[in-house]
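Residue numbers (our numbering), protein chains in the order written: chain A, 17 to 329; chain B, 3 to 339. Even for Gly, the Cβ is constructed at its ideal location relative to N, Cα and C. Predicted model only: the values in this text are computed from it and were never measured. Below: the structure, in structure tokens.
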Ligand SMILES: Nc1ncnc2c1ncn2[C@@H]1O[C@H](COP(=O)(O)OP(=O)(O)O)[C@@H](O)[C@H]1O
Ligand code: SF4
Ligand SMILES: [Mg+2]
């Protein structure tokens, strides 16, 4: 197991990351064209009314003060009020977030279930007809954008075959699994193609590694050779990739949730951008940053659990 | 050496190991036959790439990727070649153990050294966890790892190359094998430790009757340790015989070039030095003698006609069409020096 000091050190590394993210968000929102006060105000608002809105948003303060205010508010969980939805940003995000996390985990699990066994089959018989077929099919998945895969799935499985709903979100866990199958699958097809390629390559490499041959020369059972010696080593690089692709997947939710009308934070972000809802955009960007950091942190922990060489420092 | 005739435990007949396409194979080991007796140490020498490691791996059936093993490997009378994985597993590590050539890459980087020793014991003995641990400490002690008890929980990257090689030797010796395949087992070790390990192997061989095939580049090691020597070139055997005969009185042009100039009382660390010309390339070997391109006494038939390994005196075998010319050539050269 990774030591406590390793975990603490890794956690401390997050602080500068977050500071940078906050500075970035703060500046980015202020550099966007358009005046949030105008976006928020009624069409016939007077200059005095606009001034009042700016004052309420703190936009008339000097930048450093604004930033300090932004940081302290964020740390206390106050992300302001959404202009578009007229409700606290934190509240809105917290109601939408579970859907997105559900979708993300769902698609990752689907991707692992798809890619894992097939990578083994392909690596066990390198360049066989089976290997070539598996690779070419997944290559197709890799060469198409996720939203296009999504549209194809929608057209075939939802509109024509009517196996799955065209969009929306369910009311129970099973209902959710059913409703989110297509969006999860369209992301999973892409992710699984990446995982398959990587896992197959590292399996092939590890299967021929000296330490695996040495393990076989010891007369260990195939089961032990496979799990203890092959799989664990092959997973080290695949876990990194999996973490990266879950990170990517977060930004992918913007598209997927929109195509499939899933009420998650991804679609919310798109709506917020169109509505110039600055407080909401800020809050969502921060949320994405937190999610990605958590994923990377978990990736690191899993990796250092797998590989003792990563546990020092 | 004892006077009693020891029984032959390993009898390899016409071993052939190839890679690549069946129609145009790359033959790494070609028509190799030799025997090893219980308690005997056979030295296997030859340039890098001559097929020594593949020969050892063929015995255990672990030639990857996709090597094909043909011929007969009679282990105590039973042919190992046709055995399936399950049957081979009961021989591997238990009756026949192997020390790999590469100490840096042959230990699993993710597992503690203690586990890598005890998994071997778990597979082949009835020892419980506590006894396995005690035995692991004993083995690490035996191969000269200081503070062995404290090192069971360490990972391979916390050991130096020489230490890893010793760990590998400890693993191989864990379940008292009857045949040890040692592929350059002492290359990464300093002379003192090397001597210690070789004496250990010799003692196990003498006292427990363990047969050993020792691959090495060090003629001093061969002279001090091995009972017999087999010289390989281009995947084929050139010459086999008792150590003193082969080192002192080589007959094959390749071994003559390789060994003749080594003093009779070879000091440890006398390395095989290379003879002129490029080492053999497997995909460009002639149908006849593999050594043709570099042989000073090659005749017109050598390229096409394969010389058989024929008897040459007591317990000796040589594969060459022109043995007399070879002797004349090399003694003339020696005289000239
Ligand atoms: N998996 C493989 N595929 C193809 N050729 C191989 C493979 N493994 C070894 N060889 C070739 O077999 C020959 C003999 O190798 P090896 O037994 O390792 O030589 P040595 O141990 O005598 O130095 C080398 O030319 C090597 O390139
Ligand atoms: S004389 Fe001919 S057979 Fe003898 S080693 Fe030279 S090439 Fe080979
Ligand atoms: Mg070798």
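Measuring only the C-alpha atoms, how far is residue i from residue j?
{"i": "residue 299 of chain A", "j": "residue 269 of chain A", "result": "16 Å"}
{"i": "residue 185 of chain B", "j": "residue 108 of chain B", "result": "12 Å"}
{"i": "residue 290 of chain B", "j": "residue 282 of chain B", "result": "13 Å"}
{"i": "residue 95 of chain B", "j": "residue 82 of chain B", "result": "14 Å"}
{"i": "residue 322 of chain A", "j": "residue 73 of chain B", "result": "42 Å"}
{"i": "residue 247 of chain A", "j": "residue 132 of chain A", "result": "11 Å"}
{"i": "residue 327 of chain A", "j": "residue 210 of chain A", "result": "27 Å"}
{"i": "residue 199 of chain B", "j": "residue 224 of chain B", "result": "14 Å"}
{"i": "residue 114 of chain A", "j": "residue 250 of chain A", "result": "32 Å"}
{"i": "residue 229 of chain A", "j": "residue 38 of chain A", "result": "50 Å"}
{"i": "residue 4 of chain B", "j": "residue 54 of chain B", "result": "The predicted model places residue 4 of chain B with a pLDDT of 49, which falls under 50 and marks its position as unreliable; any figure quoted below should be read in that light. Taking the straight line from one Cα to the other gives about 28 Å."}
{"i": "residue 158 of chain B", "j": "residue 164 of chain B", "result": "11 Å"}
{"i": "residue 279 of chain B", "j": "residue 308 of chain B", "result": "21 Å"}
{"i": "residue 153 of chain A", "j": "residue 319 of chain A", "result": "29 Å"}
{"i": "residue 143 of chain B", "j": "residue 156 of chain B", "result": "15 Å"}
{"i": "residue 41 of chain B", "j": "residue 230 of chain B", "result": "12 Å"}
{"i": "residue 101 of chain B", "j": "residue 304 of chain A", "result": "52 Å"}
{"i": "residue 314 of chain A", "j": "residue 157 of chain A", "result": "27 Å"}
{"i": "residue 24 of chain B", "j": "residue 69 of chain B", "result": "11 Å"}
{"i": "residue 46 of chain B", "j": "residue 197 of chain B", "result": "18 Å"}
{"i": "residue 41 of chain A", "j": "residue 67 of chain B", "result": "52 Å"}
{"i": "residue 26 of chain B", "j": "residue 20 of chain B", "result": "10 Å"}
{"i": "residue 138 of chain A", "j": "residue 306 of chain A", "result": "36 Å"}
{"i": "residue 37 of chain B", "j": "residue 232 of chain B", "result": "10 Å"}
Helix, strand or coil for residue i per DSSP?
{"i": "residue 181 of chain B", "result": "strand"}
{"i": "residue 160 of chain B", "result": "helix"}
{"i": "residue 72 of chain B", "result": "strand"}
{"i": "residue 148 of chain A", "result": "helix"}
{"i": "residue 241 of chain B", "result": "strand"}
{"i": "residue 179 of chain A", "result": "coil"}
{"i": "residue 30 of chain A", "result": "helix"}
{"i": "residue 32 of chain B", "result": "strand"}
{"i": "residue 331 of chain B", "result": "helix"}
{"i": "residue 16 of chain B", "result": "strand"}
{"i": "residue 147 of chain B", "result": "coil"}
{"i": "residue 4 of chain B", "result": "In this prediction, residue 4 of chain B has a pLDDT of 49, which is less than 50 and means its spatial position is unreliable; what the coordinates show is noted afterwards. Coil, per DSSP."}
{"i": "residue 268 of chain A", "result": "helix"}
{"i": "residue 235 of chain B", "result": "strand"}
{"i": "residue 238 of chain A", "result": "helix"}
{"i": "residue 160 of chain A", "result": "coil"}
{"i": "residue 100 of chain B", "result": "strand"}
Since I believe residue j is in contact with residue i (beta carbons under 8 Å), could you give me their beta-carbon distance rounded to a whole number of angstroms?
{"i": "residue 292 of chain B", "j": "residue 238 of chain B", "result": "5 Å"}
{"i": "residue 311 of chain B", "j": "residue 35 of chain B", "result": "7 Å"}
{"i": "residue 172 of chain B", "j": "residue 145 of chain B", "result": "5 Å"}
{"i": "residue 154 of chain B", "j": "residue 139 of chain B", "result": "7 Å"}
{"i": "residue 126 of chain A", "j": "residue 201 of chain A", "result": "6 Å"}
{"i": "residue 228 of chain B", "j": "residue 216 of chain B", "result": "6 Å"}
{"i": "residue 12 of chain B", "j": "residue 77 of chain B", "result": "6 Å"}
{"i": "residue 123 of chain B", "j": "residue 176 of chain B", "result": "6 Å"}
{"i": "residue 120 of chain A", "j": "residue 265 of chain A", "result": "6 Å"}
Is there at least one non-hydrogen atom of ligand 5 closer than 6 Å to the beta-carbon of residue i?
{"i": "residue 30 of chain B", "result": "Absence of ligand 5 from the depicted structure is noted, with ligand 1, ligand 2 and ligand 3 being the only ligands included."}
Since residue i meets chain B, which of its residues come closer than 7 Å, beta carbon to beta carbon?
{"i": "residue 26 of chain A", "result": "By Cβ distance, chain B contributes nothing, its closest Cβ being about 19 Å from residue 26 of chain A, past 7 Å."}
{"i": "residue 236 of chain A", "result": "121, 125"}
{"i": "residue 322 of chain A", "result": "112"}
{"i": "residue 233 of chain A", "result": "62, 64, 94, 95, 100"}
Name the chain B residues that come within less than 9 Å of residue i, Cβ to Cβ?
{"i": "residue 245 of chain A", "result": "110, 112, 113"}
What does residue i reach in chain A if we use C-beta pairs closer than 7 Å?
{"i": "residue 67 of chain B", "result": "224"}
{"i": "residue 104 of chain B", "result": "226"}
Starting from residue i, find everything on chain B with Cβ-Cβ shorter than 8 Å and list it in chain order.
{"i": "residue 325 of chain A", "result": "111, 157, 159"}
{"i": "residue 34 of chain A", "result": "Under the 8 Å cutoff, chain B gives no residues; its nearest Cβ is about 32 Å from residue 34 of chain A."}
Report the neighbours of residue i on chain A: residues whose CB is nearer than 8 Å to its CB, in chain order.
{"i": "residue 107 of chain B", "result": "225, 226, 227"}
Exercise for the section: Name, going along the chain, the residues of the segment 133–150 of chain A whose beta-carbon falls closer than 9 Å to a beta-carbon of chain B. Expected result: 142
Exercise for the section: Select from the segment 195–228 of chain A all residues with a C-beta closer than 9 Å to any C-beta belonging to chain B, and list them in chain order. Expected result: Along the segment 195–228 of chain A, going in chain order, the ones with a CB nearer than 9 Å to a CB of chain B are 220, 223, 224, 225, 226, 227, 228.
Practice task
Output, in sequence order along the chain, the residues in the segment 238–272 of chain A whose CB is closer than 9 Å to any CB in chain B.
Solution key: Considering only beta carbons, the part of the segment 238–272 of chain A lying closer than 9 Å to chain B consists of 238, 240, 244, 245, 248, 249, 252, in chain order.
Handout entry: Interface residues of the segment 161–183 of chain B facing chain D [CB-CB below 9 Å]
Key = Annotation note: the requested chain D is absent from the structure, which comprises protein chains A and B.
Exercise for the section: Could you run through the segment 80–93 of chain B and flag, in chain order, every residue whose CB is less than 9 Å away from some CB of chain A? Expected result: 87, 88, 90, 91, 92, 93
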